[in-house]
Structure formats: structure tokens, C-alpha cells
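Counting from 1, position 117 in the sequence shown corresponds to residue 117 in UniProt numbering; the numbering is continuous, with no gaps.
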Amino acid sequence: FFDPNTHENLTYMQLLRRCVPDPDTGLLMLHVMDKGSVLFQLSKDARKALQSARTAVSVGLFQGQSVTVWELLFSRYVPEHRRQDLLRRYKAGTLSIPKMTALLTTIVTEAVEKSHGRVASSPNTLEQEGPAQVQNGDTNASSNQQDSEQRGDVEQDMEKELELERALSSHTIEVSGGDFHNKKVSLWELLFSKYVPEAKRHELLRRTHAGSLTLDELSRLLAVLVQEAVERSSKAATGFLVDPLGNQKLSVDEAVSSGLVGSELHEKLLSAERAVTGYTDPYSGDKISLFQAMRKELIVRDHGIRLLEAQIATGGIIDPVHSHRLPVEAAYRRGYFDEEMNRVLSDPSDDTKGFFDPNTHENLTYMQLLRRCVPDPDTGLYFLHVSGN
1 FFDPNTHENL TYMQLLRRCV PDPDTGLLML HVMDKGSVLF QLSKDARKAL
51 QSARTAVSVG LFQGQSVTVW ELLFSRYVPE HRRQDLLRRY KAGTLSIPKM
101 TALLTTIVTE AVEKSHGRVA SSPNTLEQEG PAQVQNGDTN ASSNQQDSEQ
151 RGDVEQDMEK ELELERALSS HTIEVSGGDF HNKKVSLWEL LFSKYVPEAK
201 RHELLRRTHA GSLTLDELSR LLAVLVQEAV ERSSKAATGF LVDPLGNQKL
251 SVDEAVSSGL VGSELHEKLL SAERAVTGYT DPYSGDKISL FQAMRKELIV
301 RDHGIRLLEA QIATGGIIDP VHSHRLPVEA AYRRGYFDEE MNRVLSDPSD
351 DTKGFFDPNT HENLTYMQLL RRCVPDPDTG LYFLHVSGN
């Protein structure tokens, strides 16, 4: 039996445990998650970790069994909104598997108690138990108190995580670089954007949660991360990346292998590199230009425009088939791109200025920003001097 949410093949009993009773008919129904669920954004390793972690459960359908955290998470005892919240926090790195296990155990226990009610002991039972019940009274009370304290700690941690998420979602900053184009974006959205590597996201969330990083400091760090990611992409659009220490020109593969850039940027930089070396038409196998790739929707238009701007600033539009560069007008006359793209690339007032000058707080084209740079006397590389506060 197939679970359309987790894409697993299960036994009938396993699938039944994931169904919830319909309030009107009492029939067991399987809730099908929305395609935007965090579940579908989890990596294979993240899923595997949940499927490997096990815990013992003393109530409900799982009583006396050792079950995986994954099974508990998708059991009927966990409401959908709680499941999505746990998955979102787990993906963000703010919820560890041990904490999730404790939360799930609490949720399952409370759900069972709510559905069946606590079974009170009758007077006859108390009489039959006699001294044994008295002797164990202190132990049971201590155990109940300990369980209550653990639940309180778990719920308190959960509330802190929700408060942090609310704070990050409500705090917005204006971002000029990348795909945001002077939009106001929440810190939460920025943290989970393509510009912030996963390891860095976990580090920033951990520091913010611990109180060692204020929201204003986090805002500045995220703005820098976005700008650096955009600049790395622009360097790749010239056909190589530059190691400023060794003054070496490296291909994307070489830059990743040497540690100049992180592996999480590999695919994005390869896309920029292909803007120079040429794209391959997946249908004909022919080598095609960047603009042709944009028309065939092999690359996002906004990203393609920034790559074309970088080509123009570094010598002209690249024809990867004939291995030469052309001015914008010449490329247009030869039919390398259409009239609309010619207008976009020729009009500096167009809404395509994706490069930010931190000194003047202006959005510029790549060429405009390049004109403000000065050559380094030792390497000859162009650098933008950033003035002090």
C-alpha cells in the first residue's frame, strides 16, 4: 500500500496507523499533504535520519513497541499543523532529533489520554492493592512529577522556537541584489533563500537563538551574504573565477575543488560558466548561446540578463559557437537576440540594475559598477574601495 505523502510502500496496518477518523462518519481517512509541504523540501539525509532514530512508546497503537521517529511523526496522533511545524523547525536546524522525539512522545501521550480519558482506580482495586499501593505511592508521585517537568521543558523550548520564527518573519529589510530587486524581505525568507548555504543558515539560527546575534546584526550579515553570492555569479560570467591570493584564473570545477567557493554553489556557478562556454540544446545536442538558452527557458530570464550585462562589461556579447565577442548593436544586427532584449541591454534606466554600490547605496549595471573600481597594484584585479562609516 502506497503513502502518497512520503512515497513509501507500507503494509495495510502501517498505512492504517497514519489515518485519522472522520468526525462525522468515524471512517479512517488518510490526509494528503499539500505540494508546498516542508516534507517535500527535506533532503534524503534528513529523511534517513528520522527513519533511523528509534524510541519506545508506552501508549496507544505503539504501546510496548520500538518505533522510528518517522513513524511517530506521521501517525494519526500528530495533528497536521504540528507535523508541519516540527518538519519546518527540523529543516531549519533549530530542532534536533532528540528534542523532536520528546515532543512527539508528549503529543502522542496527550492525544491518547484525550481520546480515552484517564482510567481512575475503583475503591475495590485500591483495597486489593493494599500496602503495595502505599509503598509505591511516593515513587509514582515522583515519576509523575518528573514527567510533568519534562513536558513543561519541551513545551517551553517549543514556544521559544516559535517566538524566534515570528520575530524573524516580522523583521524585514530591503535587499537590492539577486532576485529581490529592492523588495522588502523578511529575515526568515532570506535565511531560506538560495543565497544562504545550509551550514551557514544553521549557524546563524543557532547564534540568534542563543542571543549572541541581534536581529540588526543578522540583517547586515544576510545582506552581505546575498551580495557576495551575486558577485560570485558575476565573476563566473567572465568564464572563470579569480583566486585573489594566488592571482589565478580557475574554472568553476577547479574553484570548487580548491575550496575557493563552497560546493553548495557548484551548480549555480556552472550555469554562469556555461554563459561563456555555451549551453547544449537538450533536444538537438547543438551548442547554443546564452540568449538562445533563455528563449528555450533553460535559464531564468532575470539571471540571464545579469550574465549578459557581465559579458558586455568584460568585452561584449559572447558567441560560444564562433568563439568571439561582439558589441550589443552588432550582436543585435546579426540576430543574436531580439528587439526587446536589445532595448533592455542598451537602456541603463531599465529595471535590470542588479549590482549594489555599498558606498552610494545605488543599484547599478555591471558596467557602471566596474567603472568605479580601481586596479590592484600587485595583481591588476579590479576592486571597489569601500569607504568607512
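Ideal Cβ placement from N, Cα and C applies to all residues, glycine included. In this text the structure is predicted, and so the values were computed from the model without any measurement.
Classification of residue i by the beta-carbon crowding that lies within 10 angstroms, buried from 16 upward
i: Phe-40; result: exposed
i: Val-175; result: buried
i: Leu-245; result: exposed
i: Phe-291; result: buried
i: Val-108; result: buried
i: His-361; result: exposed
i: Phe-1; result: exposed
i: Leu-126; result: Residue confidence is low: Leu-126 scores 33 on pLDDT, short of 50, so the model does not pin down where it sits. No coordinate-derived value is stated.
i: Arg-334; result: exposed
i: Met-13; result: exposed
i: His-303; result: buried
i: Arg-206; result: exposed
i: Glu-309; result: buried
i: residue 418; result: This structure cannot settle anything about residue 418, because the visible part of the chain is limited to 1 through 389.
i: residue 443; result: Because residue 443 is not part of the residues shown, which for the chain are 1 to 389, the question remains open.
i: Glu-163; result: exposed
i: Thr-208; result: buried
Inter-residue spacing [alpha-carbon to alpha-carbon] between residue i and residue j
i: Tyr-111; j: Ser-219; result: With the sequence shown as reference, residue 111 is identified as Ala, and Tyr is not the correct amino acid for it. Cα to Cα, the separation comes out at about 40 Å.
i: Lys-249; j: Pro-98; result: 46 Å
i: Val-69; j: Met-100; result: 8 Å
i: Leu-103; j: Asp-243; result: 47 Å
i: Leu-15; j: Ser-258; result: 48 Å
i: Thr-105; j: Leu-27; result: 25 Å
i: Leu-381; j: Ala-49; result: 45 Å
i: Val-119; j: Ser-58; result: Bear in mind that the predicted position of Val-119 carries a pLDDT of just 38, short of 50, making it unreliable; the figure below should be weighed with that in mind. So the two alpha carbons sit approximately 15 Å from each other.
i: Leu-95; j: Arg-89; result: 5 Å
i: Asp-281; j: Asp-85; result: 42 Å
i: Asp-357; j: Leu-364; result: 7 Å
i: Gly-130; j: Ser-115; result: Residue confidence is low: Gly-130 scores 40 on pLDDT, short of 50, so the model does not pin down where it sits. No coordinate-derived value is stated.
i: His-81; j: Lys-184; result: 27 Å
i: Lys-287; j: Val-261; result: 27 Å
i: Ile-317; j: Arg-372; result: 22 Å
i: Asn-247; j: Pro-377; result: 12 Å
i: Gly-211; j: Leu-42; result: 27 Å
i: Arg-17; j: Arg-54; result: 17 Å
i: Lys-160; j: His-171; result: 17 Å
i: Arg-295; j: Asp-34; result: 31 Å
i: Glu-329; j: Asn-342; result: 8 Å
i: Leu-270; j: Arg-306; result: 15 Å
i: Gln-227; j: Asp-45; result: 29 Å
i: Val-252; j: Thr-379; result: 20 Å
i: Ser-121; j: Arg-166; result: Because the pLDDT at Ser-121 is just 37, under 50, the model does not fix this residue reliably, and the value given afterwards should be weighed accordingly. Roughly 44 Å between the two C-alpha positions.
i: Thr-11; j: Leu-204; result: 41 Å
i: Ser-284; j: Val-196; result: 35 Å
When the options are compared against residue i, the one with the closest alpha-carbon
i: Asn-359; options: Ser-387, Gly-278, Val-374, Gly-335; result: Ser-387
i: residue 390; options: Gln-368, Leu-260, Glu-264, Gly-246; result: Past the edges of the chain, shown from 1 to 389, lies residue 390, and the structure says nothing about it.
i: Leu-190; options: Thr-55, Leu-225, Glu-297; result: Leu-225
i: Leu-345; options: Leu-369, Gln-311, Asp-319, Pro-377; result: Gln-311
i: Leu-215; options: Tyr-77, Ala-255, Ser-169, Arg-17; result: Ser-169
i: Cys-19; options: Leu-298, Val-328, Glu-273, Leu-30; result: Leu-30
i: Ala-229; options: Lys-268, Ala-255, Leu-213, Gln-63; result: Lys-268
i: Pro-21; options: Ser-37, Gln-227, Phe-355, Arg-76; result: Arg-76
i: His-266; options: Leu-298, Ala-293, Lys-194; result: Lys-194
Sequence-distant residues of its chain with Cβ nearer than 8 Å to residue i (five each side left out)
i: Phe-192; result: Ala-92, Arg-201
i: Leu-73; result: Leu-50, Arg-83, Leu-86, Leu-87, Met-100, Leu-104
Cβ shell of residue i (< 6 Å), same chain only, five flanking positions each side left out
i: Ala-56; result: Ser-66
i: Pro-4; result: Val-32
i: Phe-355; result: Leu-364, Tyr-366, Leu-369
Same chain, Cβ closer than 7 Å to residue i, neighbours up to 5 away in sequence not counted
i: Phe-337; result: Phe-291, Ala-331
i: Phe-383; result: Cys-373, Val-374, Asp-376
i: Gly-60; result: Tyr-77, Val-108, Val-112
i: Leu-221; result: Leu-204
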